[in-house]
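Mapping to my numbering: the sequence shown position 9 is 73, numbers consecutive. Where is the CB? At the ideal position from N, CA and C, for every residue including glycine. Taking it in order: structure first as structure tokens, then the write-up.
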Amino acid sequence: MAETVSEAASALPVLAEIQVGAGLSLSAAGRLFPGHRGGASVDPSTVFRWVTKGARAGEGRVVKLEAARVGGRWLTSREAVARFVAALTEAATPAVTPVAPTTRAPAAHTRATEKAVAALKKMGA
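Next up, the structure:
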């Protein structure tokens with residue numbers, strides 16, 4: 065059985081966003097980004113490449129910009145662009161693992177204190 069538009073929209077979030085009027089052409093999506101090397105904005109062909117081939121993220125993973133083919137043209141949404149940028153940024157940002165502070169045993173702390181006091185006395189302090 066063929067799936068309905070609403071079933072497809074639930075499977076593809078960008079389609080639901082387009083249906084509520086938040087659709088962007090690829091050229092409009094390109095204008096959301098500043099240009100590279102003095103250009104005015106990202107070229108629509110670059111956005112098309114992000115849709116069809118994706119952009120390489122960390123560890124060789126490829127992230128694609130969500131888009132839907134509607135009436136012979138590609139549409140995306142601001143939300144899809146935000147998800148795309150977030151996925152690329154997350155993949156490029158190394159995970160920070162908190163380092164637990166090292167604690168010394170009380171006896172080791174006492175020995176270190178006594179050693180420091182002895183060194184200060186030896187220096188004449």
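query                                                                                         : result
Cβ-based neighbour list, V127, same chain, cut-off 6 Å, excluding 5 preceding and 5 following : G118, A119, A121, A151 and L152
Coil, strand or helix - A72 by DSSP                                                           : Model confidence at A72 stands at a pLDDT of 49, short of 50, so the residue's coordinates are unreliable; what they give is reported in the following sentence. Reduced to three states, the DSSP call for A72 is helix.
Residue from A156, G124 and W114 whose Cα sits closest to the Cα of L139                      : W114
Buried or exposed (CB count within 10 angstroms, at least 16 for buried), L79                 : buried
Nearest-angstrom Cα separation, counted from A93 out to I14                                   : Because the chain spans 65 through 189 in this model, residue 14 falls outside it and cannot be assessed.
Nearest candidate by alpha-carbon position, reference E123, set E154, R142, R101 and D107     : E154
Proximity test, A104 beta-carbon vs the ligand ADP heavy atom, cut-off 8 Å                    : As far as ligands go, the structure on display features none, and thus does not contain the ligand ADP.
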